[in-house]
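Structure below.
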């Protein structure tokens, strides 16, 4: 997993196109100022998820920031539509969802919609930038199945226990099995780590 | 078992951000914070407008006012959540939580809402300053909301 960016690390967002979606015009203005401060030169602002879905049929973007709670089509339904109904590479665009309050009834929707990140307010520019940097080196696989389309939700990739259904080829395991060979002799270990002169 | 396909992808975001140039993280955050600061006064004015509407709703208590209470409290969070509004954000979050739980249980208690609105008014009047008084107010709100846990 990618580590967080340090203050002196460089970030280059000058070439990316960001789509901002929020039905609250003031929140949209605020987000716009924040991403402009990050150095983003191309941003597209939409006041509704429906407007954004029309726009995405014609333009390609590199990152989407969307508010969770909106009338008609909310952020969760928008991401679900994006992941399932749009062609590649649009369906695989990283999406950060921003939420003020996650209502009880929306928790499952949030987990299953396919967002790359759900970020809760209060949201500082520092936190948002860290999330964007993290996404730029996101190594999660993109999963497509009947019930879910989006980045792998299992960050540690341990998967279900050994010998159970649902394990994938690349799953890791916390289980440590029985040793299959005798322990190494101490002199063998010493010979591995013993410094040797190298002829250059 | 359902058919599962998994792919490693490299997004255009990753490709473009890997290009040399740009600015340091510290500089990017400082510029974003500077841009943000220009919106603070307007955001607090909007929060006060929403609070006015919440108070009117709790006086009138007309049809649909319960769901509208949640929407307006959520709107306060939407803008206040970008700034250091500490106690105001916490009080609005508590009102969202309270109204969401009461809607879920189909049992509504206006006095619990009113105590939140009075607290938010007081917090706004003191420019959202944190401190012992704000902490005491927020503890009281948390106790009210816990009754519906």
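Protein chains in written order, with this note's numbering: chain A, 1 to 200; chain B, 1001 to 1149.
Note that CB positions come from ideal geometry on N, CA and C, so glycine has one too.
Original post:
Who are the near neighbours of residue 4 of chain A in its chain, counting only those whose CB is closer than 8 Å to its CB and skipping five residues on each side?
Top reply: So the list reads 130, 133 and 134, once near-sequence residues are dropped.
Original post:
Quick one: what's residue 1024 of chain B bridged to in DSSP?
Top reply: As a beta-bridge residue in DSSP terms, residue 1024 of chain B pairs with A:10.
Original post:
Looking at the unbroken beta strand (DSSP E) that takes in residue 117 of chain A, where does it start and where does it end?
Top reply: 117-120
Subject >> Straight-line gap, residue 124 of chain A to residue 74 of chain A (C-alpha atoms, nearest Å) >> reply: 23 Å
Original post:
In three-state terms, what does DSSP make of residue 1066 of chain B?
Top reply: It is helical.
Original post:
Looking at the unbroken alpha helix (DSSP H) that takes in residue 1123 of chain B, where does it start and where does it end?
Top reply: 1110-1125
Subject >> Assigned secondary structure, residue 43 of chain A (DSSP; H/G/I helix, E/B strand, else coil) >> reply: strand
Original post:
By how many angstroms is the C-alpha of residue 195 of chain A removed from the C-alpha of residue 30 of chain A?
Top reply: 58 Å
Original post:
Is the CB-CB distance between residue 68 of chain A and residue 55 of chain A below 8 Å?
Top reply: no
**OP:** Answer with yes or no whether the minimum CB distance from residue 1055 of chain B to chain A is below 8 Å.
**Re:** no
Subject >> Reference residue 1138 of chain B; option with closest CA among B:1103, B:1125, B:1069 and B:1093 >> reply: B:1093
Subject >> Cβ-based burial, residue 1062 of chain B [other Cβ within 10 Å; buried from 16] >> reply: exposed
**OP:** Say whether chain B places a C-beta atom closer than 8 Å to the C-beta of residue 46 of chain A.
**Re:** Not an interface residue.
Subject >> Under 8 Å (Cβ pairs) to chain B, residues found in the region 62-78 of chain A >> reply: 62, 63, 67 and 69
Original post:
Is the CB of residue 1005 of chain B under 8 Å away from at least one CB in chain A?
Top reply: yes
Original post:
Is it right to say residue 33 of chain A is buried, meaning 16 or more other beta carbons lie within 10 angstroms of its own, or is it exposed?
Top reply: Flag for residue 33 of chain A reads buried.
Original post:
Do the CB positions of residue 1017 of chain B and residue 11 of chain A come within less than 8 Å of each other?
Top reply: yes
**OP:** Taking the CB atoms as reference points, tell me whether residue 1069 of chain B and residue 27 of chain A lie closer together than 8 Å.
**Re:** no
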